[in-house]
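Input: a single structure, listed below in C-alpha cells.
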Amino acid sequence: MVSKDGIFLKKEDQALEVSLSDKLDFYDIVKMKIEVLKDTSLQICYSNSKEIKLDITIVVQAGVTFRLQEIKTAKNTKIQTKYSILERAKVLVEKFYDTSFLRELDLFSLNGVGATIDVRTRGIIKDKSVLDRVVYHNYPRTESNIDNRLVTMQKGLLKLYVTTIVYPKIRGCKANQNNQILKENKENSVIKPILLIEENDIEASHNAHIASIDKDTLYYFYTRGIDEKTARKIYIKGFLKGDFYNIDKYMTKYWR
Amino acid sequence: MHILEIKNLHAKIENKEILKGINLTIKSGEVHVIMGPNGVGKSTLSHVIMGNPNYEITEGNILLDGVDITHMQTDERARRGLFLSFQNPPEIEGVTTADFLKASVATKEGESFKMLSFAREVDTYMKRLVMKKEFLTRPLNEGFSGGEKKKMEILSLYMLKPNVAILDEIDSGLDVDSLKIVGEHIKAYQEEQKAGILLITHYQRLLSYIQPDFVHIFLDGSIKKTGDATLVEQIEQNGYDNFKKA
Ligand SMILES: Nc1ncnc2c1ncn2[C@@H]1O[C@H](COP(=O)(O)OP(=O)(O)O)[C@@H](O)[C@H]1O
Ligand SMILES: [Mg+2]
Chain A
-3 MVSKDGIFLK KEDQALEVSL SDKLDFYDIV KMKIEVLKDT SLQICYSNSK
47 EIKLDITIVV QAGVTFRLQE IKTAKNTKIQ TKYSILERAK VLVEKFYDTS
97 FLRELDLFSL NGVGATIDVR TRGIIKDKSV LDRVVYHNYP RTESNIDNRL
147 VTMQKGLLKL YVTTIVYPKI RGCKANQNNQ ILKENKENSV IKPILLIEEN
197 DIEASHNAHI ASIDKDTLYY FYTRGIDEKT ARKIYIKGFL KGDFYNIDKY
247 MTKYWR
Chain B
3 MHILEIKNLH AKIENKEILK GINLTIKSGE VHVIMGPNGV GKSTLSHVIM
53 GNPNYEITEG NILLDGVDIT HMQTDERARR GLFLSFQNPP EIEGVTTADF
103 LKASVATKEG ESFKMLSFAR EVDTYMKRLV MKKEFLTRPL NEGFSGGEKK
153 KMEILSLYML KPNVAILDEI DSGLDVDSLK IVGEHIKAYQ EEQKAGILLI
203 THYQRLLSYI QPDFVHIFLD GSIKKTGDAT LVEQIEQNGY DNFKKA
C-alpha cells in the first residue's frame, strides 16, 4: 500500500514498481511513476477533500496485461497521466467519477506492435470539468477503444476532448471512440472527437452524442407507477452500467 | 368494486382537438372494447386517461373510484390502480427488463416488497406466458419482436395487478401463437383479479379469446355507438361506414 496526501494505491501483487516524489515541486505537483512488469491490476482512489495535482507516468512492459481502476470522488483534482504501452501489452483503464472541478489529461502512447488500450469512463460530473484523452498509435496493428459515458448534473459542464492520432505507414490499426453525455441539467457540455488519421489501412469508428432523457421514455416509467426521481435514477444507472467491472459496487457505495 | 368514469372528455394536442366529448364508465369485472379505424383518437384517449403530459384536457373529468384524477400525475394514477399497455412500447437502452419490473413492483409495494417473492412471481408468470428467462437480463424491449414486447406488457399487467387496465392494440404485430397466449392471459388476468378491462383494437380476432360486455364504436374523436358483442360482427361485415352516417 502506497499512501500520500489522500492518494492510496492498493497493490495486488509484486508486479508493480511504484515511486512517488517526496518533495513537491515548484507547482505543488506530485510526481508518480508506475512500472508494470507482470500481469496485474491496480486500483487508485482519489477521495481527498483538498486539491490534488498529480503527474503520473505509467509504463506497461511488453506482453503484459494490466487493468487500472480509478475511483475519483475528490473534488478539484488535476491529473495528467502518460501511458507508454509496449509491444503486445494490453491495458484496460476504467474510471469512475462522482465529482466536480475535474481536470484530466491522459496521453496514451501505443509504443509497440500489437499494443492495445481500452478506456472506459463512467460517472457523474457536478461542476465545470475538462477531460482530455489523446491516443497515439505509434506502431502498426495497435488498437484503441475509448468509451466515455458521463452524466452532467447540477452545475456540471463538461468539456470532453478525445483525440486519436494515426501517422502515415502505421498500418492495420483499430481506433474506436464512443462518447456520450447524458444531460440532467441545462449546461452546454461539449464533446470534441478528433480523428487525425493519415493512413488508409485502418478500422476506425466514432460516435458523439449529447442528450437528455427522452420524455416519452420517462412517461413509460410513470405509467408503471414509478415516480420521476426513481425513473431518472434507474435510467442513469442503466446508462452508466455496461462493460465496467464491479460498477454495481461503486454505484451502491457512492450513489445510495 | 372499482370504477373508472370518463365524463365529457375533450382533449387536444398541438392545438388540434382530438377527443371531442367522451363518456365512458368501466367497472370491475367488465370487458369493454373500443373499435375504430386508424387515426380517430383511440390511443389519444388511452394516453389522456393515463395523464400523458403531451395532451391538454380542455373539458370534462376523469374519476377513479370517485376521486377526480383529471389533473393527477401519471405515476400517481398508476399507483392508484390504473394501467396502460402501449401500442408501441419504447425500447430503453441500458435498463434491463428485470430492473424495470422490480422498480415498478417495489414502488407499488413499498416497505413490504420482498425480492424473493418478486423473483418467484416473475418466474411463474414468464413460464405462463412462454417467455424465455433471458428476457430479464436484456435491455427493456430492445430488439424484442412485436410479440415479445406485447408479452412483456402482459407480464407487467400480471405483476402490477391494476384494477382497471387499458390495453392499446395489444393484438397488433402478433403471430397466431402469441395472439393466443396474449388473449388467453388477458382473460385469465381479468377473471383472477376481477379487473375492469378496456381493449382497443381493430380486429375481431382477439375477441375470440376474451368476450366483451360492451363494444364502443369510436369515430372522429367520440364514441358513436355502444352495444354488445354483436356489433363486432356488423363491423366485420360492413366496416365503419354505417356508423359514420349515424
Ligand atoms: N404528437 C402528436 N402531434 C400531433 N398530432 C398527433 C400527435 N399524436 C397523435 N396525433 C394525431 O391525433 C390523431 C389521433 O391519433 P391516435 O390517437 O394515435 O389515433 P388511433 O390510435 O385511433 O389510430 C391523429 O390524427 C394523429 O395524427
Ligand atoms: Mg392507436
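The listed protein sequences correspond, in order, to chains A and B. The numbers in this note's numbering rise by one with no breaks, and the one at position 217 of the first sequence is 213. In this note's numbering, each residue's number is its place in the second sequence (first place is 1) plus 2. Every residue, glycine too, gets a C-beta built ideally from N, C-alpha and C. Bear in mind that the values here come from a model prediction, so they are computed numbers and not experimental data.
The C-alpha of Arg129 (chain A) lies about 50 Å from the C-alpha of Lys163 (chain B). For Ala80 (chain B), the chain A residues whose C-beta falls within less than 9 Å of its own C-beta are Tyr218, Thr219, Arg220, Gly221, Ile222, listed in chain order.
In this model, Asn165 (chain B) and Met52 (chain B) are separated by some 13 Å (Cα to Cα). Sequence-ordered contacts of the region 188 to 201 of chain B with chain A are nonexistent [C-beta pairs closer than 7 Å]. Residue pairing by DSSP places Phe220 (chain B) opposite B:Ile225 in a beta bridge.
The three-state secondary structure of Lys245 (chain A), taken from DSSP, is helix.
Distance between Phe115 (chain B) and Ala108 (chain B), taken at the CA atoms: about 5 Å. Approximately 27 Å separates the beta-carbon atoms of His73 (chain B) and Phe216 (chain B); this is outside 8 Å, ruling out the contact.
At a cut-off of 8 Å between beta carbons, Leu157 (chain B) makes no contact with chain A. For Val178 (chain B), the enclosing alpha helix (DSSP H) starts and ends at 178 to 195. Val184 (chain B) sits close to Lys152 (chain B), with the two beta carbons spaced by under 8 Å. In this structure, Val42 (chain B) lies near Gly223 (chain B), with their beta-carbon atoms less than 8 Å apart. Excluding five sequence positions before and after Phe92 (chain A), the CB atoms of its chain that fall closer than 6 Å to its own CB belong to Ile67, Arg118, Gly119, Tyr246, given in chain order. Closer than 8 Å at the C-beta level to chain A, one finds these residues of the region 96 to 113 of chain B: Gly96, Val97, Thr98, Asp101, Phe102, Ala105, Ser106, Thr109, Lys110.
Between the region 227 to 241 of chain A and the region 8 to 26 of chain B there are fewer than three inter-stretch CB-CB distances shorter than 8 Å, so the stretches are not counted as touching.
For Asn56 (chain B), the shortest C-beta to heavy atom distance toward ligand 1 is below 7 Å.
Between Glu90 (chain A) and Phe240 (chain A), the gap from beta carbon to beta carbon is short of 8 Å.
At least one heavy atom of ligand 2 falls within 7 Å of the beta-carbon of Asp170 (chain B). In this structure, Ile113 (chain A) sits near Ile81 (chain A), with a CB-CB distance shorter than 8 Å. Within the same chain, and ignoring the five residues on either side of Ile24 (chain B) in sequence, the residues whose Cβ sits closer than 7 Å to its Cβ are Ile8, Leu11, Leu47, Ser224, Ile225. Within the region 206 to 217 of chain A, Asp212, Thr213, Tyr215, Tyr216 place their CB atoms closer than 7 Å to a CB of chain B, listed in sequence order. At a Cβ-Cβ threshold of 8 Å, Thr148 (chain A) and Glu194 (chain A) do not count as neighbours.
Relative to ligand 2, Ser45 (chain B) has its C-beta within less than 7 Å of a heavy atom. For the pair Ile94 (chain B) and Asp244 (chain A), the Cα-to-Cα distance works out to about 19 Å. Residues of chain B with a Cβ closer than 7 Å to the Cβ of Tyr231 (chain A) are, in chain order, Val97.
Contact between Tyr191 (chain B) and Ile219 (chain B) is absent: CB atoms are separated by about 25 Å, not below the 8 Å threshold. The beta-carbon of Asn54 (chain B) is placed less than 8 Å from the nearest beta-carbon of chain A.
Judged by their CB atoms, Lys74 (chain A) and Thr53 (chain A) are not nearer to each other than the 8 Å cut-off. In this structure, the beta-carbon distance from Ser15 (chain A) to Lys29 (chain A) falls below 8 Å.
Judged by DSSP in its simplified three-state form, Ala204 (chain A) adopts strand. Spatial neighbours of Thr61 (chain A) in its own chain (CB-CB distance under 6 Å, excluding positions within 5 residues in sequence) are listed in chain order as Asp35, Lys86. When CB distances to chain A are screened at a threshold of 8 Å, the residues of the region 138 to 158 of chain B falling below it are Pro141, Ser158, in chain order. Inclusion of Asp173 (chain B) and Arg207 (chain B) in the CB contact set at 8 Å is warranted, their separation being smaller than that value.
Residue pairing from DSSP places Phe92 (chain A) in a beta bridge opposite A:Ile67, A:Arg118.
Between Leu157 (chain B) and Leu131 (chain B) a beta carbon distance of about 6 Å is seen, short of the 8 Å cut, so the two are scored as contacting. Note on Gln213 (chain B): under 16 other CB atoms within 10 angstroms of its CB, so exposed under the neighbour-count rule.
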